[in-house]
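Protein chains in written order, with the numbering used here: chain S, 44 to 342; chain E, 2 to 284. All C-beta atoms, glycine included, are put in the ideal place defined by N, C-alpha and C. None of these values were measured; they are calculated from a predicted model. Notes to accompany the following structure.
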Amino acid sequence: MKLAALQKHMTRAVMTPLTPSEHMQRRAPGGGDMRRYASRFIKPNSRLTSFERLEIYNRQYWWRLLASMREDFSGLQAVLGDRQFEAMSKAYIVDCPSTSFTLRNLGAKLEAWLRKHPKWAGKKQQLALDIVRLEWADIEAFDGKSEPALRPEDLAAAAGGNIKLHLQPYIQLLDCKYPVDDLLLAVRDSGEDSTVASNAFSESKKRRRVRATAQLKPSEIFLAVHRVDESVYFRRLDREEFEILHALRVGKTLDNAIALGFRKSKMPVERRAATVQTWFQHWATLGWFCQTQQKPGKH
Amino acid sequence: MPGSRFNGFTDYGIGIGLRSPHYEHILTRKPVCDWFEIISENFMIDGGRPLRILDEILAQYRVVQHGVSMYFGSAEKLNREHLKRLKDLVRRTKTPWVSDHLCWGSVDGRYTHDLLPMPYTFEAAKITAQKVREVRDFLEVPIAVENVSSYAEFHVSEMTEWEFLNEVVERADCGILLDVNNIYVSSQNHTFNPLDYVNSVPAERVAQIHIAGHSKYRKYILDTHDHPVIDPVWKLYERAIQRVGHTATLLEWDDSIPSFQEVHDEAMKANKFLSSTLLAKAV
Chain S
44 MKLAALQKHM TRAVMTPLTP SEHMQRRAPG GGDMRRYASR FIKPNSRLTS FERLEIYNRQ
104 YWWRLLASMR EDFSGLQAVL GDRQFEAMSK AYIVDCPSTS FTLRNLGAKL EAWLRKHPKW
164 AGKKQQLALD IVRLEWADIE AFDGKSEPAL RPEDLAAAAG GNIKLHLQPY IQLLDCKYPV
224 DDLLLAVRDS GEDSTVASNA FSESKKRRRV RATAQLKPSE IFLAVHRVDE SVYFRRLDRE
284 EFEILHALRV GKTLDNAIAL GFRKSKMPVE RRAATVQTWF QHWATLGWFC QTQQKPGKH
Chain E
2 MPGSRFNGFT DYGIGIGLRS PHYEHILTRK PVCDWFEIIS ENFMIDGGRP LRILDEILAQ
62 YRVVQHGVSM YFGSAEKLNR EHLKRLKDLV RRTKTPWVSD HLCWGSVDGR YTHDLLPMPY
122 TFEAAKITAQ KVREVRDFLE VPIAVENVSS YAEFHVSEMT EWEFLNEVVE RADCGILLDV
182 NNIYVSSQNH TFNPLDYVNS VPAERVAQIH IAGHSKYRKY ILDTHDHPVI DPVWKLYERA
242 IQRVGHTATL LEWDDSIPSF QEVHDEAMKA NKFLSSTLLA KAV
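What follows is the structure in structure tokens.
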């Protein structure tokens with residue numbers, strides 16, 4: 044068997060989902076008996092059959108990728124529950140196996156995939172989509188590119204209606220139907236606390252809190268997922284703030300961005316100028332504007 | 002070997018794998034450590050905390066890059082995006098050599114994120130060596146290939162693992178990252194004498210050595226990097242050092258990671274063997 048053929052053969056088996064008891068399937072890819080399939084290219088030894096030797100790699104693959112899903116999407120896991128999350132993750136990995144050299148990108152297609160497969164979240168579809176978007180934004184913001192920031196005084200000097208201000212590539216802007224920032228912080232808080240020895244009462248209280256938060260009622264929020272001193276933060280925005288920042292991100296001029304921001308605003312006109320000035324000061328202080336525009340890097 | 006073309010003519014001593022639970026200790030206490038090995042893929046990113054920490058480490062320590070997903074042995078072409086990002090990192094760290102595994106792990110652009118074992122065939126050796134050369138030419142640094150732990154063998158194999166390793170490194174004219182723990186794990190899983198392996202490696206090509214712990218199961222041993230190094234592995238290390246001389250040595254500890262001090266103490270046990278080579282040289 045040539046190298047390319049052997050590798051395709053083995054990969055198909057390694058990527059075949061495990062049985063519910065976490066063993067390799069008896070049925071080979073494309074049908075037939077997996078024992079015969081394995082014995083065609085793997086030698087047995089005195090302790091392990093070909094099937095058992097291949098099963099070691101099959102298990103490692105699934106355990107490693109499922110662990111990565113759990114690590115990256117603990118919020119979605121809280122929304123769906125452990126069992127449903129695991130089943131969904133398996134289905135996702137089968138449909139969207141990793142195509143990157145790093146597991147960081149394993150969840151890159153999860154939002155789009157979940158939209159196509161609403162059965163996994165059922166009635167919680169919107170909540171699930173919102174939390175996935177936030178968790179992916181968190182990953183992107185964590186190690187996204189940053190450019191030299193414009194200081195507030197640079198911004199003042201550059202003032203003029205036709206200028207284009209560029210947002211830092213690492214900043215992620217989200218509009219969500221649910222307050223998923225609260226949910227994710229509660230989930231993470233619960234995860235962190237669980238490593239510390241604590242009594243059963245507080246453990247159960249924490250679980251109840253996460254469950255309760257996972258039953259969130261819809262409430263539209265706007266978020267900037269950003270970094271301060273290389274730590275990721277979720278900052279809630281007013282709708283107008285979000286619209287302005289979004290318009291700047293897609294390349295609108297300052298004038299146009301502000302106009303778009305207040306297109307549907309109920310804010311009294313006389314308050315707008317001062318409010319916008321305050322926002323821009325905050326954003327500049329946080330280093331959100333940069334000198335050149337780079338799209339967030341793809342891995 | 003000290004100061005060879007396979008390790009950029011450096012003479013590094015004992016290093017430790019740089020892992021996130023130790024960042025704070027390293028940056029605040031500044032412990033003495035000859036060098037750190039980083040997992041390249043963890044830093045092939047655009048920005049943020051990992052790169053800032055790396056820069057702080059680079060300001061104080063020597064760093065060598067070790068990769069886990071180049072997949073020299075995959076039949077498919079190299080991933081150009083991977084190579085570009087790796088080269089950016091090489092420029093940042095000024096690593097004297099780059100290592101990755103003698104294995105495969107991707108097919109048709111789909112990644113298993115595992116170090117899958119090679120079939121030991123001449124065809125595979127030729128393909129693998131060609132890719133090692135391509136990577137070296139692109140990165141412009143010496144490459145060392147690491148032997149992996151394995152749990153399966155293939156019917157098509159035409160030679161032993163060590164013969165295959167030798168075939169690849171001769172064809173590619175590259176260095177070896179000799180992992181003595183992996184030799185031990187594979188020797189137990191495939192029933193061969195690990196000394197035969199250590200004794201047949203071309204000593205002049207060994208750029209670096211890995212030591213680590215592993216986990217024993219009922220029917221096989223798994224390379225888990227979550228325990229101290231066991232005595233039989235130290236014995237292999239001793240033999241390797243006798244053959245290759247004072248060589249950059251790194252302790253890997255990737256799971257159930259204890260304190261920095263504990264990892265450091267474990268790594269420093271290698272000094273017993275390394276110092277004997279210096280003594281022998283002095284005599």
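Neighbouring residues, chain S, relative to residue i (Cβ below 9 Å)
i	result
Asp115 (chain E)	Val57, Tyr100, Gln103, Tyr104 and Arg107
Neighbour flag for residue i against chain S, beta carbons, 8 Å
i	result
His26 (chain E)	no
Asp47 (chain E)	yes
Pro51 (chain E)	yes
His23 (chain E)	no
Thr96 (chain E)	no
Asn148 (chain E)	no
Ser257 (chain E)	no
Asn80 (chain E)	yes
Glu164 (chain E)	no
Residue i: contacting residues in chain S (beta-carbon distance under 7 Å)
i	result
Lys156 (chain E)	In the sequence on display, residue 156 (chain E) carries His and not Lys. Under the 7 Å cutoff, chain S gives Phe84 and Lys86.
Trp105 (chain E)	Gln50
Neighbour flag for residue i against chain E, beta carbons, 8 Å
i	result
Phe15 (chain S)	Because chain S spans 44 through 342 in this model, residue 15 (chain S) falls outside it and cannot be assessed.
Pro27 (chain S)	There is no way to answer for residue 27 (chain S), as the model of chain S reaches only from 44 to 342.
Met44 (chain S)	yes
Lys152 (chain S)	no
Ala47 (chain S)	yes
Gln50 (chain S)	yes
Arg96 (chain S)	yes
Glu286 (chain S)	no
Leu329 (chain S)	no
Tyr276 (chain S)	no
As assigned by DSSP and simplified to three states, the class of residue i
i	result
Thr192 (chain E)	coil
Ile15 (chain E)	strand
Tyr221 (chain E)	coil
Ser36 (chain E)	Note on identity: in this sequence residue 36 (chain E) is Trp, with Ser being the wrong assignment. Strand.
Trp105 (chain E)	strand
Gln211 (chain S)	coil
Phe265 (chain S)	strand
Val207 (chain E)	strand
Thr29 (chain E)	helix
Glu40 (chain S)	No answer is possible for residue 40 (chain S): the residues shown for chain S start at 44 and end at 342.
Asp227 (chain E)	coil
Phe328 (chain S)	Per the sequence presented here, residue 328 (chain S) reads as Thr, with Phe not at that position. In this structure, Thr328 (chain S) counts as helix in the three-state DSSP scheme.
Asp224 (chain S)	helix
Leu49 (chain S)	helix
Interface partners of residue i on chain E, CB under 7 Å
i	result
Leu91 (chain S)	Lys220 and Tyr221
Gln334 (chain S)	Within 7 Å Cβ-Cβ: nothing; Gln334 (chain S) doesn't reach chain E, min ~15 Å.
Pro140 (chain S)	Arg111
Tyr221 (chain S)	Per Cβ cutoff of 7 Å: no residues; Tyr221 (chain S) is ~27 Å from chain E at best.
Glu273 (chain S)	Gly49, Arg50 and Arg53
C-alpha distance - residue i paired with residue j, whole-angstrom precision
i	j	result
Leu55 (chain E)	Asn148 (chain S)	21 Å
Asn190 (chain E)	Trp163 (chain E)	15 Å
Ile85 (chain S)	Ala267 (chain S)	51 Å
Ser308 (chain S)	Glu283 (chain S)	7 Å
Leu27 (chain E)	Tyr13 (chain E)	The sequence shown places Ile at residue 27 (chain E), not Leu. C-alpha separation (whole angstroms): 19 Å.
Lys95 (chain E)	Val64 (chain E)	8 Å
Ser274 (chain S)	His102 (chain E)	33 Å
Ala240 (chain S)	Ser257 (chain E)	Unreliable positioning characterises Ala240 (chain S) in this predicted model, as indicated by a pLDDT of 45, which lies under 50. A coordinate reading is not provided.
Leu228 (chain S)	Gln66 (chain E)	35 Å
Pro60 (chain S)	His325 (chain S)	49 Å
Leu259 (chain S)	Gln169 (chain S)	11 Å
Tyr100 (chain S)	Ala327 (chain S)	50 Å
Val33 (chain E)	Phe7 (chain E)	25 Å
Trp331 (chain S)	Leu193 (chain S)	8 Å
Ala126 (chain E)	Phe165 (chain E)	7 Å
Short Cβ contact (8 Å threshold) for residue i with residue j
i	j	result
Ala130 (chain E)	Ala173 (chain E)	yes
Leu84 (chain E)	Ser41 (chain E)	no
Val223 (chain S)	Leu177 (chain S)	yes
Ile214 (chain S)	His269 (chain S)	yes
Phe94 (chain S)	Arg107 (chain S)	no
Tyr218 (chain E)	Glu159 (chain E)	no
Ala121 (chain S)	Val271 (chain S)	no
His247 (chain E)	Leu275 (chain E)	yes
Proximal chain E residues relative to residue i, where beta-carbon distance stays under 8 Å
i	result
Met53 (chain S)	Leu117
Ser143 (chain S)	Tyr112
Lys188 (chain S)	Asp47 and Gly48
Listed by chain order, chain S residues near residue i by CB distance under 8 Å
i	result
Glu124 (chain E)	Lys45 and Leu46
Cβ-heavy atom distance, residue i to the ligand FMN, below 7 Å
i	result
His52 (chain S)	Ligands displayed in this structure: none; no statement on the ligand FMN is therefore possible.
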